[in-house]
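Engineer:
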Amino acid sequence: LHSKGKKRFILNQFFFRNSPVLRRDPLEFVWSKEKAPKMVQCTLVLAGIGVFMAVGGALLGWVVFPGAVHDKIIENTELRQGTPQFKRFEALPQPLDFKVFIFNVTNPYEVQMGKRPRVVEVGPYIYFQYRQKDNIRFSRDRSKVHFSQQQLYVFDAESSYPLTENDPLMVLNMHMNSILQIAEDETYDSLRLINVELNRIFGRPDSMFLRTTPKEFLFDGVPFCVNVIGIAKAICKEIEKRNTKTIRVLPDGSMKFSFFNHVSNGWGGWMDTTGLTR
């Protein structure tokens, strides 16, 4: 019994010395008990910070950031005087390329005899197109803008080569045929009067076609109603009353027909949105 008790005492002593738990100083257990509440507090604080950041991120991503982006887009796109986009709207920073193709009639007299016309496409005649907006007016809520637009065409000789603005062309006499068509639709007497005065009004045309140049046909204008008197003058006055855009009246009372001259003199009234909605 004594030897057994001694052995048991030795084993207990060995176990006590080598146990990592039983070897700790009793003060460590007191320190651990004091530290536990502080660790819980730190955990709660970190969790609170995480929740705050998550909510803040959601607000930034779904509320604040989209609103800021929208306001920035409106700021950079809305038409307002003094902004870069308004300057670009008022006048294009660089010209556009404007290309014109014209059908040249090669058998005008055969067409007069009832044969089928033969045409050759000529072009492109290339122009620099400059655009300028004038008389710019904003609506009261600034959501719309009203303006007139001028377009300046400058012939690009280098890009159009070997074509020039003075190339001879045979084209349909647009203004003469249009006026005859209008007279025919109204009354027979109107058409008869114009036929009688046709040479005085249109300068003795020898066919329904016209010899001209691209410069004259498109911009400078084909003259007619020059130095007319009597019935011819009365007919020209009726033509003037129709206020056709492609026909302009000169100070001496004569007229000119052209396709694009009216565009260069303030083309119509336009309306556009400013990008701001109310």
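Those letters in the sequence shown? Residues 3 to 280, per my numbering, in order. Glycine residues also receive a C-beta, built at the ideal position from the N, C-alpha and C atoms.
Between the stretch 220-237 and the stretch 250-267, are three or more C-beta pairs nearer than 8 Å?
Structural biologist: yes
Engineer: Measuring alpha carbon to alpha carbon, tell me which of P225, R133, Y129 and V156 ends up nearest K89.
Structural biologist: R133
Engineer: Can you find the residues in the same chain that come closer than 8 Å, C-beta to C-beta, to I281, ignoring five residues on each side of it along the sequence?
Structural biologist: The structure shown has nothing for residue 281, since the chain only spans 3 to 280.
Engineer: Just how far apart, CA to CA, sit G125 and F221?
Structural biologist: Distance from the CA of G125 to the CA of F221, rounded to the nearest whole angstrom, comes to 16 Å.
Engineer: Excluding the 5 residues preceding and the 5 following K135 in the sequence, name in chain order all residues of the same chain whose CB lies nearer than 6 Å to its CB.
Structural biologist: E92, F149 and Q151
Engineer: Report the rounded CA-to-CA distance for E160 versus F211, giving the unit in angstroms.
Structural biologist: Rounded to whole angstroms, E160 to F211 spans 30 Å at the Cα level.
Engineer: Could you check whether P110 and S209 sit closer than 8 Å to each other, using their CB atoms as the reference points?
Structural biologist: yes
Engineer: Tell me which same chain residues have a C-beta within less than 8 Å of the C-beta of R213, skipping the five on either side of it?
Structural biologist: P170, L171 and M172
Engineer: When we look at the beta-carbon of S260 and count the other beta-carbons within 10 Å, is it buried (16 or more) or exposed?
Structural biologist: By the 10 Å Cβ count, S260 comes out buried.
Engineer: Nearest to P164 by alpha carbon, out of R244, I128 and I51?
Structural biologist: In terms of CA proximity to P164, I128 leads the group R244, I128 and I51.
Engineer: Within 10 angstroms of the Cβ of G116, are there 16 or more other Cβ atoms? Answer buried if so, exposed if not.
Structural biologist: exposed
Engineer: M178 lies in the alpha helix (DSSP H); which residues open and close that run?
Structural biologist: M176 to E188
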